[in-house]
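Undergrad:
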Amino acid sequence: MTQKLLGNLKKGLFFIISAPAGAGKTTLTRMLTKEFESVIESVSFTSRKPRKDEKEGFDYFFVTKEEFEKKIKQGDFLEYAKVYDHYYGTSKSFVEKNLNEKKHVVLVIDTQGALKLKNKIDCTYIFISPPSIDTLRERMKKRADIDDVEIEKRISWANEEMKQILSYDYNITNIDLDQSYEELRSIFIAEERKVKNLKNWE
Ligand code: 5GP
């Protein structure tokens, strides 16, 4: 029997992280994938255009609306949703391949997509909340790539997303990034140690 802090299972576990834009979900998830090679973030498909500094195959697989709709018909997605007028979807083959390669797969997706997977797959649901809606607005204003109209659109969507929190297993209120990260990694470590995973232990 081997014993690592994380990455002891023959088949990886599945995690969903949702949060309103600006709550810190991407930063926190990337801290986790940097610390643990056994954790991988699922790369989604999207029909939106890449932002400055976004890389194909790392941030997203960028496709046209038509290509995305073709993939829907082919059944390529575990779930998909339309967020802010653009399609976003989780690739079935990406997830399955990585779980079989002993990776814990993290889906950073919106609440609509997350709820579609509820009761369909065995998964841990984590919600990251901002300290307040005002903090969220301030954080968004610091980003150069979105204007005031887009910010208000996202704030109203954030309010909708916050209503779904009771469907999640865990909540992390991201006031202090280092503490939030400590909380997030503890959840991953605890999930791996659940007794039901003993038969899956390497
Ligand atoms: P952004 O355009 O800022 O990268 O993402 C917008 C929203 O879409 C975020 O809430 C993000 O988590 C969500 N999202 C990204 N990928 C997926 C996906 O594959 N499925 C769903 N349902 N939402 C996604």
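In the working numbering, the protein residues as written are 19 to 220.
We treat Cβ as the ideally placed atom computed from N, Cα and C, and that holds for glycine.
No experiment lies behind these values; they were computed from the predicted model shown.
1) Is the Cβ-Cβ distance between glutamate 179 and lysine 134 less than 8 Å?
2) Thinking C-beta only, is isoleucine 193 closer than 8 Å to isoleucine 144?
3) I'd like to know if alanine 176 contacts chain B, where contact means its C-beta is closer than 8 Å to some C-beta of that chain.
4) With 16 other CB atoms within 10 Å as the buried threshold, where does serine 174 fall?
5) Going straight from the alpha carbon of arginine 155 to that of serine 147, what length do you get?
6) Between valine 126 and the ligand 5GP, is there a pair consisting of the residue's CB and a ligand heavy atom that are separated by less than 7 Å?
7) Output the residue ranges of the beta strand (DSSP E) runs that lie fully inside the region 153-199 and measure 3 residues or longer, sorted by chain position.
8) Among the candidates Thr47, Gly25, His104, whose CA atom is the shortest distance from the CA of proline 68?
9) Could you tell me which uninterrupted beta strand (DSSP E) segments, each at least 3 residues in length, are contained entirely in the region 95-134, listed from first to last along the chain?
10) Figure out for me which residue from Val101, Thr47, Lys121 has the closest Cα to the Cα of threonine 129.
11) At a cut-off of 7 Å, would you count glutamate 97 as near the ligand 5GP, judging by its Cβ distance to the nearest heavy atom?
12) Is it the case that the Cβ atoms of glycine 25 and phenylalanine 63 are separated by a distance below 8 Å?
TA: Taking the coordinates as given:
1) By one-based count along the sequence shown, residue 179 stands at place 161. By one-based count along the sequence shown, residue 134 stands at place 116. No. Outside cutoff.
2) For this step, residue 144 is matched to residue 126 along the sequence shown. For this step, residue 193 is matched to residue 175 along the sequence shown. Their beta carbons are not under 8 Å apart, which means isoleucine 144 does not touch isoleucine 193 by this criterion.
3) Among the protein chains of the structure shown there is no chain B, as only one such chain exists.
4) Here residue 174 is taken as the residue at index 156 of the sequence shown, counted from 1. Looking at its Cβ environment, which holds fewer than 16 other Cβ atoms inside 10 Å, serine 174 is exposed.
5) Mapped onto the sequence shown, residue 155 falls at position 137. Mapped onto the sequence shown, residue 147 falls at position 129. Taking the straight line from one Cα to the other gives about 13 Å.
6) Position 108 of the sequence shown, counted from the first residue, corresponds to residue 126. For the ligand 5GP, at least one heavy atom lies less than 7 Å from the Cβ of valine 126.
7) Taking only runs of at least 3 residues, the beta strand (DSSP E) segments lying wholly in the region 153-199 are 188-191.
8) Residue 68 sits at position 50 when you count from the first residue of the sequence shown. It is His104.
9) 95-101, 104-109, 122-126
10) Here residue 129 refers to the residue found at position 111 of the sequence shown. The candidate whose alpha carbon is nearest that of threonine 129 is Val101.
11) For this step, residue 97 is matched to residue 79 along the sequence shown. Correct: glutamate 97 has its Cβ closer than 7 Å to the ligand 5GP.
12) Residue numbering aside, residue 25 sits at position 7 when the sequence shown is read from its first letter. Residue numbering aside, residue 63 sits at position 45 when the sequence shown is read from its first letter. No, Cβ-Cβ distance for glycine 25 and phenylalanine 63 is not below 8 Å.
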